[in-house]
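Residue numbers (this note's numbering): 67 to 394.
To keep things clear, I will list the structure first and then write my remarks on it.
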């Protein structure tokens, strides 16, 4: 499978999901952004400095962008981060500044073609009319790190070596960051994004994740393939193909059952490791297989299999004995 960012990027191609992401993260679930109001937008650019000869070097970045509500438009950018980027504040400032710069260049070119700004005026030198306005840019960073909360800066002040004497004269910049680890409920989402954030949020607390799945069993047992793949790649949730079902002619996956079987599988592995450890301890006391089987209350054939694997490995390393048993 590909990188988490690529899957998230493709997942948000759907305007319903894109709107759900914006409404859930920025508007606390209020349905402010409507899928039907979203239109395609140009990719943003990152400034990389100047090449030899003074040519400006820009590089396109693969953030999701949409135009919203025609001329009252906002450009909505979504950046999915599976790792903390400690210079994200700077990245976003630069991306938004370049977006405004691009809008200004388009204004100036239009005025140059139409020659509608009087030469020698402030408007002519500005490249834009006094009453012209820019389209606002909203940037949302969605953090899906599975190991820890976002511990990077959320505003410009946090990455500056700044004191109170000059702070009032330095313009701050705020990051719109959505970190699912800062939330305990995800009722504000109405697409597979809810299941994604729940799985990431509770990925290290299997009992809590089990509780969430049980409370939303109908939804978790009706996951579409796009969401299934997103859960596997981003949230590291195993959902084998064997849990695929066809409902109303559509492909769905039963995540609750997959999770329950995975938990059972883990318990069986844990039980096997405990069994091997007991056998090894008794072997070290030179007890024969028949006595060991009687004392641990297991089948003699199972004890003999472990003893054979232990001899093959040549040590009492439980993990190595497990691997040897798997190959038999």
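Think of the CB as a built atom: it goes at the ideal place given N, C-alpha and C, for glycine as much as any other residue.
Because the structure is a prediction, the values reported are computed rather than measured.
With a CB to CB cut of under 6 Å and the five nearest residues on each side skipped, what residues in its chain are close to residue 287?
Residue numbering aside, residue 287 sits at position 221 when the chain shown is read from its first letter. Hits under 6 Å: 320 and 322.
Pair every Cβ in the segment 340 to 349 with every Cβ in the segment 373 to 390, then say whether three or more of these pairs are closer than 8 Å.
The segment 340 to 349 vs the segment 373 to 390: in contact.
If you run the structure through DSSP and keep just helix, strand and coil, what is residue 80?
Counting from one through the chain shown, the residue named residue 80 turns up at place 14. Looking at residue 80 - three-state DSSP - the assignment turns out to be coil, as it is neither helix nor strand.
Which residues does DSSP pair with residue 209 in a beta bridge?
Taking the first residue of the chain shown as position 1, residue 209 is located at position 143. According to DSSP, residue 209 bridges with 147 and 245.
Name the residue from 339, 352, 296 and 255 whose alpha carbon lies nearest to the alpha carbon of residue 72.
For the purposes of this step, residue 72 is taken as residue 6 along the chain shown, with counting starting at 1. Answer by Cα proximity: 296.
I'd like to check one pair, residue 86 with residue 259: are the Cβ atoms closer than 9 Å?
Numbered from its first residue, the chain shown carries residue 259 at position 193. Numbered from its first residue, the chain shown carries residue 86 at position 20. Yes.
Which same chain residues end up closer than 8 Å to residue 249 when comparing Cβ atoms and leaving out the 5 residues on each side of it in sequence?
What you label residue 249 is simply residue 183 of the chain shown in a count that begins at 1. Only 263 and 267 meet the Cβ criterion.
Just reading off the alpha helix (DSSP H) that residue 263 is part of, what are its end residues?
For this step, residue 263 is matched to residue 197 along the chain shown. Residues 259 to 267.
Using only the alpha-carbon positions, how far apart do residue 83 and residue 279 sit?
Along the chain shown, one-based indexing puts residue 83 at 17. Along the chain shown, one-based indexing puts residue 279 at 213. Using only the alpha carbons, I get a separation of about 21 Å.
Quick check: the Cα distance between residue 202 and residue 194, rounded to an integer number of angstroms?
The count along the chain shown starts at 1 and reaches residue 202 at position 136. The count along the chain shown starts at 1 and reaches residue 194 at position 128. One C-alpha to the other measures close to 17 Å.
Residue 317 to residue 147, Cα distance in whole Å?
Stepping through the chain shown from its first residue, residue 317 is reached at position 251. Stepping through the chain shown from its first residue, residue 147 is reached at position 81. So the two alpha carbons sit approximately 29 Å from each other.
Among 284, 133, 377 and 223, which has the Cα closest to the Cα of residue 105?
Mapped onto the chain shown, residue 105 falls at position 39. Out of 284, 133, 377 and 223, 133 has the C-alpha closest to the C-alpha of residue 105.
Run through DSSP, which three-state label would residue 357 get?
Here residue 357 refers to the residue found at position 291 of the chain shown. In the structure shown, residue 357 sits in a helix (DSSP, three-state: H, G or I).
Assign residue 78 to buried or exposed, taking buried as 16 or more other Cβ atoms, counted over all protein chains shown, within 10 Å of its Cβ.
Position 12 of the chain shown, counting from 1, holds the residue named residue 78. It counts as buried.
So what does DSSP say about residue 185, is it helix, strand or coil?
Numbered from 1 along the chain shown, position 119 holds the residue referred to as residue 185. Here residue 185 sits in coil by DSSP.
Please classify residue 372 as buried or exposed, where buried requires at least 16 neighbouring CB atoms within 10 angstroms.
Position 306 of the chain shown, counted from the first residue, corresponds to residue 372. It counts as buried.
If residue 166 and residue 208 are in contact, beta carbons under 8 Å, what's the gap, nearest whole angstrom?
Position 100 of the chain shown, counted from the start, is the residue given in the question as residue 166. Position 142 of the chain shown, counted from the start, is the residue given in the question as residue 208. Their Cβ separation, rounded to whole angstroms, is 23 Å, which puts residue 166 and residue 208 out of contact at 8 Å.
Could you tell me if residue 251 is buried or exposed, where buried requires 16 or more neighbouring beta carbons within 10 angstroms of its beta carbon?
For this step, residue 251 is matched to residue 185 along the chain shown. Looking at its Cβ environment, which holds fewer than 16 other Cβ atoms inside 10 Å, residue 251 is exposed.
If you count every other CB in all the chains shown that lies within 10 Å of the CB of residue 70, and 16 or more means buried, which is it?
Translated into the one-based positions of the chain shown, residue 70 becomes position 4. Its Cβ being crowded by 16 or more others within 10 Å, residue 70 is buried.
Going by C-alpha to C-alpha distance, which of 247, 375, 362 and 174 sits closest to residue 214?
Position 148 of the chain shown, counted from the first residue, corresponds to residue 214. The candidate whose alpha carbon is nearest that of residue 214 is 247.
Within a Cβ cutoff of 6 Å, which residues of the same chain sit near residue 74, ignoring the five residues on either side of it in sequence?
The count along the chain shown starts at 1 and reaches residue 74 at position 8. Correct list, in chain order: 146.
Mind checking residue 309: buried by the 16 CB within 10 Å criterion, or exposed?
On the chain shown, residue 309 is found 243 positions in, with the first residue counted as 1. Residue 309 should be labelled buried.
Let me confirm a value: residue 396 is counted as buried when at least 16 other C-beta atoms fall within 10 Å, else exposed. Which label applies?
The structure shown does not extend to residue 396, since the chain spans only 67 to 394, so no value can be given for it.
Quick one, are the C-beta atoms of residue 375 and residue 391 less than 9 Å apart?
Translated into the one-based positions of the chain shown, residue 375 becomes position 309. Translated into the one-based positions of the chain shown, residue 391 becomes position 325. Yes. Within cutoff.
From 211, 210, 100 and 170, pick the residue whose C-alpha is nearest to that of residue 191; which is it?
The residue given as residue 191 occupies position 125 in the chain shown. Looking at the Cα atoms, 170 is the closest of the given residues.
What span of residues does the beta strand (DSSP E) with residue 316 cover, start to end?
Position 250 of the chain shown holds residue 316. Where residue 316 is concerned, the enclosing beta strand (DSSP E) stretches over 316 to 319.
If you compare alpha carbons, which of 149, 222 and 217 is closest to residue 156?
Numbered from its first residue, the chain shown carries residue 156 at position 90. Comparing Cα positions, the closest option is 222.
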